[in-house]
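Accompanying notes for the structure given below.
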Amino acid sequence: MTNATFTIAALAPDAQARATDTARAALDVVVARTLGEIEPLRAAWTELRARARLAPPNSDLDRFAAIVRALGPGTAPYLALFQREQRVCGGILGRVARQRSRHRLGYLVLPGPRLRWLDVVYGGLIGGEDEAVQRGIVTHLAALLRGGGIDLLRINHLPIDDPLLPLLSAELGRAGQLGADALHWRATLTPGDWAATQRGFPGKKYHQNASRKERKLRAAFEGALELRVHTGPDEVGGFLEVADRILRGTYQAALGAGFGDTPLWRAILASEAATGRMRCYTLEARGEPIAYQVGAVHDGVYYGEATGYVAAHAALSPGAALHALVLADLCDAGVRAFDYGFGDADYKRAYAATSWSECAWRGRGRRWAAQLDGALEATVRGGERIMRRVAELVGGVGALKRAWRARLARRADATSAPSPPATKTTDDEVSAS
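Counting in the working numbering, the sequence shown runs from 740 upward without gaps.
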């Protein structure tokens, strides 16, 4: 963007009417609550996002709008831009909805009360380095909670060293809650040089094993192994149908969560394909798809969002083979990094040399429903601590996860008709947030 300034006069009339002044931070604040109002602010948000520490896909306005439309009339966008001296220097991007909360205890999902909430998307909270701007953003969010406009504020995967976190805790005190830390991993690729990329992997032995597994898989199918790349808008439907066939029968299917051939994921991938960023893969053996990878390239970084394989071929490690082939293809395509998202795993540590810790932050309003939801979450967190302690005593959290997933997969496979091949996917829960 050549002009980095942003003036109130440039706004749509409805957005102008809601421009207010935050005296505490001496900031002008402009709020847009419809996609139509957001459109005139696109250039300002895009320029602000380009200066941010992180710019994940969900904070991109094309993808954001596609998700809002797919979620339907019960969901509304929310964009607040903070301006100082004719320049946008902070922002909040999220979705407002009224819906029932859900709490996870292991792989169990417990319903909570119906709440009005603001879901700040991943990468949608940008405070920059100016403390006055950061305080203005926190004051704005606190006013929404205290004024009864929302019951629950959810900020997804904020780096734990983000200066907004201590300000949020100080402003909202016991009304705020910090989630557990989760590692976010990113692998560095050398565009156009696969040999150099491989030398940079931290877990060289792990990668060598993955290469051997690929050769073993290829030999098992007498060389009839092919990686297919899906990038065009006309490929979205076909790819999702294939991936969904592989996906059914998993523990994710039993949970009813995550990636699948749904209107939401069709909207997401259609948006990514229309902007030339979609890059999904299927691995075929003798013409039959046995594994898939979902992702998109944003500013030279590939964001891997979901992956799975047919469990009948588990002994041949199709997931490991697919991942190695995908990394090589991305390197050839000029991609400079593979972003694994949040969640820890051995294979991420083997390929990624860069990581940082992130957490979720929750803030609750004063209505009874918000307080009830807070009590339910506290109970669930206490249960999680007990479960982790028990898991450590009986052989580790990983063993308990595998046993529970196998149970859910058997249940899903037993209830599916016709019965598809079971699959396995990554630990990362794919969210539209």
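Note that beta-carbon positions come from the ideal geometry of N, C-alpha and C, so glycine has one too.
Cβ neighbour criterion (16 or more within 10 Å) applied to residue 760: Here residue 760 refers to the residue found at position 21 when the sequence shown is read from its first residue. Because residue 760 sits at a pLDDT of 41, beneath the cut-off of 50, its placement in the model cannot be relied upon, and the point is left open.
Need the endpoints of the alpha helix (DSSP H) that residue 786 sits in, please. Taking the sequence shown and counting its residues from 1, one reaches residue 786 at position 47. First-last of the alpha helix (DSSP H) with residue 786: 781-789.
Using a Cβ-Cβ cut-off of 7 Å (strictly less than) and excluding sequence neighbours within five positions of residue 1018, which residues of its own chain qualify? Numbered from 1 along the sequence shown, position 279 holds the residue referred to as residue 1018. Around residue 1018, the same chain offers 968, 970, 1034, 1035, 1036, 1041 as residues with beta carbons nearer than 7 Å, after the five sequence neighbours per side are excluded.
Do you know how far the Cα of residue 1008 is from the Cα of residue 803? The residue you call residue 803 lines up with position 64 of the sequence shown. The residue you call residue 1008 lines up with position 269 of the sequence shown. Cα-Cα distance, rounded: 12 Å.
According to DSSP, simplified to helix, strand and coil, what is residue 825? Here the question's residue 825 lines up with position 86 in the sequence shown. Three-state result, residue 825: coil.
What's the gap between the Cα of residue 908 and the Cα of residue 839? Taking the first residue of the sequence shown as 1, we reach residue 908 at position 169. Taking the first residue of the sequence shown as 1, we reach residue 839 at position 100. Rounded to whole angstroms, residue 908 to residue 839 spans 25 Å at the Cα level.
If contact is defined by three or more beta carbon pairs under 8 Å, each pair taking one atom from either stretch, is the stretch 1078-1091 in contact with the stretch 935-950? Contact between the stretch 935-950 and the stretch 1078-1091 is established, with three or more Cβ pairs separated by less than 8 Å.
Name the DSSP beta bridge partners of residue 1029, please? Here residue 1029 refers to the residue found at position 290 when the sequence shown is read from its first residue. DSSP, once it has assigned bridges, lists no residue as partnering residue 1029.
Would DSSP call residue 809 helix, strand or coil? For the purposes of this step, residue 809 is taken as the residue at position 70 of the sequence shown. For residue 809, the three-state secondary structure derived from DSSP is helix.
For residue 1035, which residues does DSSP report across the bridge? The residue labelled residue 1035 in the question sits at position 296 within the sequence shown. 1017, 1042.
Grab the span of the beta strand (DSSP E) containing residue 1077 for me, first residue to last. Here residue 1077 corresponds to residue number 338 of the sequence shown, with the count starting at 1. Where residue 1077 is concerned, the enclosing beta strand (DSSP E) stretches over 1076-1081.
Closer than 6 Å by C-beta to residue 766: which residues in its own chain qualify, once you throw out the five before and the five after it? Chain order, please. Within the sequence shown, numbered from 1, the residue matching residue 766 stands at position 27. Excluding sequence neighbours, residue 766 sits near 821, 823, 875.
Ignoring anything shorter than 3 residues or poking outside the stretch 826-859, list the beta strand (DSSP E) runs there in chain order. Within the stretch 826-859, the runs of beta strand (DSSP E) at least 3 residues long that lie entirely inside it are, in chain order, 826-844.
Residue 947: buried (16+ other C-beta within 10 angstroms of its C-beta) or exposed? Taking the sequence shown and counting its residues from 1, the one referred to as residue 947 is at position 208. The residue is exposed, with fewer than 16 neighbouring Cβ atoms inside 10 Å.
When you compare the CB positions of residue 1105 and residue 1113, do they come within less than 8 Å of one another, or not? As a first step, residue 1105 must be located in the sequence shown, where it is residue number 366. As a first step, residue 1113 must be located in the sequence shown, where it is residue number 374. No.
Could you tell me the alpha carbon to alpha carbon distance between residue 984 and residue 976, rounded to whole angstroms? As a first step, residue 984 is located in the sequence shown; it is residue number 245 there, counting from the start. As a first step, residue 976 is located in the sequence shown; it is residue number 237 there, counting from the start. Rounded to the nearest angstrom, the two C-alpha atoms are 12 Å apart.
Nearest by alpha-carbon distance to residue 1045: which of 1077, 890, 801 is it? Sequence index remark: in the sequence shown, residue 1045 carries index 306 (1-based). Per the Cα distances, 1077.
Excluding five sequence neighbours on each side, which residues of the same chain lie with their C-beta closer than 7 Å to the C-beta of residue 906? Here residue 906 corresponds to residue number 167 of the sequence shown, with the count starting at 1. Taken in chain order, the residues that qualify are 873, 874, 877.
Distance, Cα to Cα, residue 763 vs residue 871? Mapped onto the sequence shown, residue 763 falls at position 24. Mapped onto the sequence shown, residue 871 falls at position 132. Unreliable placement is indicated for residue 763, whose pLDDT of 46 sits below 50; the coordinate value is still reported in the next sentence. Distance between the alpha carbons of residue 763 and residue 871: 8 Å.
Going by the beta-carbon positions, is the gap between residue 828 and residue 867 smaller than 8 Å? In the sequence shown, the residue the question calls residue 828 occupies position 89. In the sequence shown, the residue the question calls residue 867 occupies position 128. Residue 867 sits close to residue 828, with the two beta carbons spaced by under 8 Å.
Is residue 926 helix, strand or coil by DSSP? For the purposes of this step, residue 926 is taken as residue 187 along the sequence shown, with counting starting at 1. Three-state result, residue 926: strand.
Measure how close the beta-carbons of residue 849 and residue 1119 come, nearest whole angstrom, since I'm counting them as under 8 Å. Here residue 849 corresponds to residue number 110 of the sequence shown, with the count starting at 1. Here residue 1119 corresponds to residue number 380 of the sequence shown, with the count starting at 1. Between residue 1119 and residue 849 the Cβ distance is about 7 Å, and since that is below 8 Å, they are a contact.
The stretch 910-923 in contact with the stretch 1057-1071 per 3-pair CB rule at 8 Å: Three or more beta-carbon pairs separated by less than 8 Å are not found between the stretch 910-923 and the stretch 1057-1071, which leaves the two stretches without contact.
Those residues which DSSP pairs with residue 1089 across a bridge: By 1-based counting over the sequence shown, the position of residue 1089 is 350. According to DSSP, which records beta bridges pairwise, residue 1089 is partnered with nothing at all.
Length of the line joining the Cα atoms of residue 1098 and residue 791: By one-based count along the sequence shown, residue 1098 stands at place 359. By one-based count along the sequence shown, residue 791 stands at place 52. Distance from the CA of residue 1098 to the CA of residue 791, rounded to the nearest whole angstrom, comes to 18 Å.
If you follow the beta strand (DSSP E) that residue 771 is part of, which residue opens it and which one closes it? The residue labelled residue 771 in the question sits at position 32 within the sequence shown. That run of the beta strand (DSSP E) goes 766-771.
If you draw a straight line from the alpha carbon of residue 1071 to that of residue 1080, how long is it in whole angstroms? In the sequence shown, counting from the first residue as 1, residue 1071 sits at position 332. In the sequence shown, counting from the first residue as 1, residue 1080 sits at position 341. Distance between the alpha carbons of residue 1071 and residue 1080 is about 22 Å.
For residue 1083, which residues from the same chain have a beta carbon less than 6 Å from its beta carbon, with the 5 sequence-adjacent residues on both sides left out? Position 344 of the sequence shown, counting from 1, holds the residue named residue 1083. 922, listed in sequence order.
Going by Cα to Cα distance, which pick from 843, 801, 862 is closest to residue 794? Position 55 of the sequence shown, counted from the start, is the residue given in the question as residue 794. Residue 862 holds the alpha-carbon nearest to the alpha-carbon of residue 794 among 843, 801, 862.
Give me whichever residues DSSP pairs with residue 1191 in a beta bridge. This structure gives no information on residue 1191, because the portion of the chain shown stretches from 740 to 1172.
Output the boundary residues of the beta strand (DSSP E) element that contains residue 915. Against the sequence shown, residue 915 aligns to sequence position 176. Taken as a continuous stretch (DSSP letters only), the beta strand (DSSP E) holding residue 915 covers 915-917.
Is it true that the CB of residue 805 sits closer than 8 Å to the CB of residue 1002? One-based indexing of the sequence shown puts residue 1002 at position 263. One-based indexing of the sequence shown puts residue 805 at position 66. With respect to the 8 Å criterion, residue 1002 and residue 805 are not classified as neighbours on the basis of their beta carbons.
Can you tell me whether residue 769 is buried or exposed, with buried defined as 16 or more other CB within 10 angstroms of its CB? The sequence position of residue 769 within the sequence shown is 30, counting from 1. Buried is the label assigned to residue 769, since at least 16 other Cβ atoms lie within 10 Å of its Cβ.
Taking 8 Å as the threshold (C-beta atoms), are residue 789 and residue 780 in contact? Taking the sequence shown and counting its residues from 1, one reaches residue 780 at position 41. Taking the sequence shown and counting its residues from 1, one reaches residue 789 at position 50. It is not a contact, given that the beta carbons lie outside the stated cut-off.
In the DSSP output, what is residue 1100 paired with across the bridge? What you label residue 1100 is simply residue 361 of the sequence shown in a count that begins at 1. In DSSP, residue 1100 forms a bridge with 894, 917.
In angstroms, rounded to a whole number, what distance separates the CA positions of residue 949 and residue 1101? On the sequence shown, position 210 is the one that residue 949 refers to. On the sequence shown, position 362 is the one that residue 1101 refers to. Between residue 949 and residue 1101, the C-alpha separation is close to 39 Å.
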